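*Asks:* Submitted below is the structure of interest, expressed as structure tokens.
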Amino acid sequence: MKVPFFQLLCLNAAFASAQVVSGAAEGFAAGVTGGGDVSPSYPETNEELVALLESDEPQVVVLTKTFEFIGTEGSTTEDGCAPWGTGETCQLAINANGWCGDNPVATVTYDNAAMNGIRIKSDKTLVGEGDAGVLSGKGLYFEGGVSNIIVQNIKITNLNPSLVWGGDAFTFFGADLIWIDHCETSLIGRQHYVTGFNPNTRMTWSNNFLNGVTTHSPGCDDHHYWTLELVGVGDEITFQSNYVYHTTGRGPALSGTTLFHAVNSVWSGIPGHAIEGGDQGRGVFEGCYFEDVVEIAPAEPENQLFSASDENAASCESAFGRACQPNGYSGSGAFDSSDTGFFGDFAGLTIAPAGSATDALGYVPDNCGIGRV
């Protein structure tokens, strides 16, 4: 009997796993070890959790419950704005860095904890137990050259979802060798994942659920807009087997000089657009499935994109040492980009394997996110 590709990946992860971390990173973050074989710690309080993650020593941290940060750092009420009106489900905005401009003024109140993520340091493993590991009201921040970090099987949620600039789930501002796996992000004020202007190298984000069902949005509905803002100079990201669901934009905004390999990921239920970005962003999309995505990418995108098809799949041989897997579509717009001029930029990087787009559709939505390791 032939074992389907994605079941094989799951089996490999099970047999390769240590007691705490399941599997091993593929793609650009291959070789990451996090806290290694350090004895696990099981924090009970917010203070214990933050101290472990911000310590200078290798740590393996296991979450067995929800860590509630809402209300722990007070709240702020100030003038913000209402760019999309003041309807019940319209997002208002915090006036961060003068962002509001000439938009109508509106009073906003936000929880302070979500505005400042935990500054996780190098050589850390953060893992949730079952489906219990939740950070409510605070995200994670990777900055200043931190490296060798694993985050697996946790959920980040409740970051001032009614407010733009209300908080980001995962923020990267100069980090290296990071594996984010089987995590869920939901009810986020701004970005689910955001990279800053400093290089973020050797990243693998895999098997994650970017849950766009929200309470407030720029469209004044329940579709999240601010999803993946990638603006780093020299970012290297493998985006493997992720599920981007119920969003309307920036999924990703592929900008800066980001090098992005999307493989076997699924985009579904997107009435707006998925991919956008600046003229130096570079991305290969292969073995991905786009289900009910009105606009996958502009007909003439600014950035450099390669969408694998039956006709051009062999072009990947020069970059990956193999043909690409064609993308799949249902109820979606066209995605015909075929730029190959940046393929040499993959030299020296570890390339993730790829299965078919139809296998991705059948496997990823039901097996990504927290509690499904």
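Sequence positions in the sequence shown follow mature numbering (1 follows the signal peptide of the UniProt record, and there is no 0) and run -18 to -1, 1 to 355.
Glycine included, each C-beta is placed from N, C-alpha and C at the ideal position.
Just so we're clear, the structure is a prediction, and the values are computed from it rather than from any experiment.
Could you pull the start and end residues of the beta strand (DSSP E) that threonine 340 belongs to?
*Replies:* From DSSP, threonine 340 is part of no beta strand (DSSP E) but of the alpha helix (DSSP H) over 339 to 349.
*Asks:* With a CB to CB cut of under 6 Å and the five nearest residues on each side skipped, what residues in its chain are close to tyrosine 271?
*Replies:* Contacts found: Val248, Gly310, Ala339, Ala342 and Leu343.
*Asks:* Which two residues bound the contiguous beta strand (DSSP E) that contains valine 14?
*Replies:* Counting along the chain, valine 14 falls outside any beta strand (DSSP E), and DSSP gives it neither H nor E.
*Asks:* Within a Cβ cutoff of 7 Å, which residues of the same chain sit near serine 319, ignoring the five residues on either side of it in sequence?
*Replies:* For serine 319, where only same-chain residues beyond five positions count, the Cβ hits under 7 Å are Ala279, Pro283, Leu287, Phe288 and Ser289.
*Asks:* DSSP state of serine 297, grouped into three classes?
*Replies:* It is helical.
*Asks:* Taking the alpha-carbon of phenylalanine 155 as reference, which of Glu36, Glu55 and Gly126 has the nearest alpha-carbon?
*Replies:* It is Gly126.
*Asks:* Mapping the DSSP letters down to three states, classify lysine -17 as helix, strand or coil.
*Replies:* Interpretation of lysine -17 is limited by its pLDDT of 41, a score under 50 that renders its predicted location unreliable; the figure taken from the coordinates is listed afterwards. Lysine -17: coil per DSSP, three-state reduction.
*Asks:* Go to asparagine 182, then tell me how far its beta strand (DSSP E) extends in each direction, as first and last residue.
*Replies:* 182 to 188 is the span of the beta strand (DSSP E), which, as asked, contains asparagine 182.
*Asks:* Quick one: is residue 370 buried, meaning 16 or more other Cβ sit within 10 Å of its Cβ, or exposed?
*Replies:* Only positions -18 to 355 of the chain appear in this structure, which leaves residue 370 out of reach.
*Asks:* For alanine -3, which of helix, strand or coil comes out of DSSP?
*Replies:* In this prediction, alanine -3 has a pLDDT of 33, which is less than 50 and means its spatial position is unreliable; nothing more can be read from the coordinates.
*Asks:* So glycine 119 packs on asparagine 140, CB below 8 Å; how close in whole Å?
*Replies:* Yes, they are in contact, since the Cβ atoms of glycine 119 and asparagine 140 sit about 5 Å apart, within 8 Å.
*Asks:* Give me the DSSP bridge partner(s) of isoleucine 138.
*Replies:* BP columns for isoleucine 138 point to Leu117 and Thr167.
*Asks:* Output needed for asparagine 142: all residues of its chain with C-beta closer than 7 Å, excluding positions within five of it in sequence on either side, in chain order.
*Replies:* The residues are Tyr92, Asp93, Ala96, Gly148, Gly149 and Gly171.
*Asks:* Give a yes or no on contact between the stretch 29 to 37 and the stretch 2 to 12, applying the rule of three or more CB pairs nearer than 8 Å.
*Replies:* Not touching, per the Cβ criterion.
*Asks:* Does aspartate 105 pass the burial test, meaning 16 or more other C-beta atoms within 10 Å, or should it be called exposed?
*Replies:* With 16 or more other Cβ atoms within 10 Å, it is buried.
*Asks:* At what residues does the beta strand (DSSP E) containing asparagine 193 begin and finish?
*Replies:* Run containing asparagine 193: 191 to 193, per the beta strand (DSSP E) assignment.
*Asks:* Counting only runs that start and end within the stretch 239 to 321, where is the alpha helix (DSSP H) found for 4 or more residues in a row?
*Replies:* Within the stretch 239 to 321, the complete alpha helix (DSSP H) runs of at least 4 residues are 299 to 302.
*Asks:* Determine the DSSP secondary structure at glycine 127, reduced to helix, strand or coil.
*Replies:* Here glycine 127 sits in strand by DSSP.
*Asks:* Give the DSSP-derived three-state secondary structure of aspartate 158 in the structure shown.
*Replies:* Note: aspartate 158 maps to strand in three-state DSSP.
*Asks:* Taking the alpha helix (DSSP H) that glutamate 29 belongs to, which residues open and close that run?
*Replies:* Glutamate 29 -> alpha helix (DSSP H) spans 28 to 35.
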